[in-house]
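Report on the structure given below.
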Amino acid sequence: LGAAAGTGANLLLLALGLGLALVAANPRGPTYRRARREVLDRLADAYDQQHRAAEELAEANRLKGEFLSMVSHELRTPLTSVKGFVDTVLLHWDRFPEEQRRELLDRASGRADELTRLISQLLDFASIEADRVDVDLRALDVRELVDVVIGDVAPVVADHRIEVEVTEELVMTADADAFSHVLVNLLTNAVKFSPDDSTIRVQARAERHEVVVSVADQGTGISVEDQRRIFDRFYQSDASEGDGNGSRRGTGIGLAIAQRFTEVQGGRIWVESAPGQGSTFFFTLPVGRVAATRVVATATPAPD
989 LGAAAGTGAN LLLLALGLGL ALVAANPRGP TYRRARREVL DRLADAYDQQ HRAAEELAEA
1049 NRLKGEFLSM VSHELRTPLT SVKGFVDTVL LHWDRFPEEQ RRELLDRASG RADELTRLIS
1109 QLLDFASIEA DRVDVDLRAL DVRELVDVVI GDVAPVVADH RIEVEVTEEL VMTADADAFS
1169 HVLVNLLTNA VKFSPDDSTI RVQARAERHE VVVSVADQGT GISVEDQRRI FDRFYQSDAS
1229 EGDGNGSRRG TGIGLAIAQR FTEVQGGRIW VESAPGQGST FFFTLPVGRV AATRVVATAT
1289 PAPD
């Protein structure tokens, strides 16, 4: 809205400039004709900019509306499941053997973990939208941190085979929490869009002055068109990967979070994929040892 209003003000100033040019110039002279042509061209450009800004604003508002609707659904589903499992156990406590009670409570715990991850993701996104992301850059052992992250998401990846290949004694300059956010979101994305019992491969190696980390899945792949927008906030494509179980939809912010937390650590992130051949997400971080550094990064404000 601010961009569109600013462009509208520019249109007004240009119109005033056109009026002044018409008054001051000789309507029969070349100066008049040149001034008229220039101002009219600038008015046309300004109009095009305003039109594009209005379209971008409408698209942003549409995506935000879809996001809010999706979040309410994503929050309600695990909450309903948790309550259902717990209520069932409490109502039939004496009728259920201990093994069955434990199974139901384990399922409730799993859905509660899912809810916790979603809330954590929303909090990460809120910190990015607030334009402030703090990172504490330190020398970190890559294998050690990768193992910690995989242990943390063990319930999420339980139905997949995880293969890890990390160069020995590989050290990166990173923030432990920010690195975890990136890898967790990439692993979650791989699980979401890969069939059960498939392999997810995590690799890390040094290339020149960077540590390159990759997460490869065996999903159905991502089209070139979707790859261009896959890191956009709220973006989800019906043509993207699917696990075949109808569970493709999510919040549409996981990869945007991964991108932002990669960038504030001085890294890059991208995807390589082809339909039918799975996808591999890569991100880089500086290699080597540096003194501890605290950085407060400013994110790009979201459209109003």
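Those letters in the sequence shown? Residues 989 to 1292, per our numbering, in order.
Backbone N, C-alpha and C fix where the C-beta goes; we use that ideal spot for every residue, glycine too.
Computed from a predicted model, the values in this text were never measured in an experiment.
Tell me whether the beta-carbon of Gly1242 lies closer than 8 Å to the beta-carbon of Asp1205. No. Outside cutoff.
Asn1049, buried or exposed, once every other Cβ within 10 Å from all chains shown has been counted against 16: Label assigned to Asn1049: exposed.
Taking Ala1162 as the reference, give the member of Glu1251, Leu1031, Leu1067 with the closest Cα. Distances from the alpha-carbon of Ala1162 to those of Glu1251, Leu1031, Leu1067 put Glu1251 closest.
Mind listing, in chain order, the continuous alpha helix (DSSP H) runs of no fewer than 4 residues lying wholly within the stretch 1186-1217? Residue ranges of uninterrupted alpha helix (DSSP H) with 4 or more members, entirely inside the stretch 1186-1217 and ordered along the chain, are 1212-1215.
Alpha-carbon to alpha-carbon, Leu1171 and Asp1165: One C-alpha to the other measures close to 10 Å.
Figure out for me which residue from His1148, Asp1140, Leu1125 has the closest Cα to the Cα of Thr1187. It is His1148.
Given Ser1168, which residues of its chain have a CB within under 6 Å of its CB, disregarding the five upstream and five downstream residues? So the qualifying residues of the chain are Val1137.
For Pro1263, write down the residues that DSSP places opposite it in a beta bridge. The partner list for Pro1263 (beta bridge, DSSP) is empty, contrary to what the question assumes.
Where does the unbroken alpha helix (DSSP H) through Arg1131 begin, and where does it stop? Element bounds for Arg1131: 1130-1140.
If we count the other Cβ atoms within 10 Å of its Cβ and call it buried at 16 or more, is Leu1174 buried or exposed? Buried: at least 16 other Cβ atoms inside 10 Å.
Using DSSP with H/G/I as helix, E/B as strand and the rest coil, what is Arg1090? Under the three-state reduction of DSSP, Arg1090 is assigned to helix.
Could you say if the stretch 1066-1077 and the stretch 1091-1099 meet the contact criterion of at least three C-beta pairs nearer than 8 Å? Yes, the stretch 1066-1077 touches the stretch 1091-1099.
Tell me which same chain residues have a C-beta within less than 7 Å of the C-beta of Asp1220, skipping the five on either side of it? A distance below 7 Å between beta-carbons, with the five flanking residues on each side excluded, links Asp1220 to the following residues of its chain, in chain order: Ala1244.
How big is the Cα-Cα spacing for Arg1256 and Ser1202? Spanning the two alpha carbons is a distance of roughly 12 Å.
Can you tell which of Val1134, Asp1094, Arg1189, Gln1038 has its C-alpha closest to the C-alpha of Ile1150? Ranking the options by Cα distance to Ile1150, first place goes to Arg1189.
Look up Pro1274 in the DSSP assignment and say whether it is helix, strand or coil. In this structure, Pro1274 counts as strand in the three-state DSSP scheme.
Whole-angstrom distance between Gln1088 and Asp1094, CA atom to CA atom: Looking at the two C-alpha atoms, the distance is approximately 10 Å.
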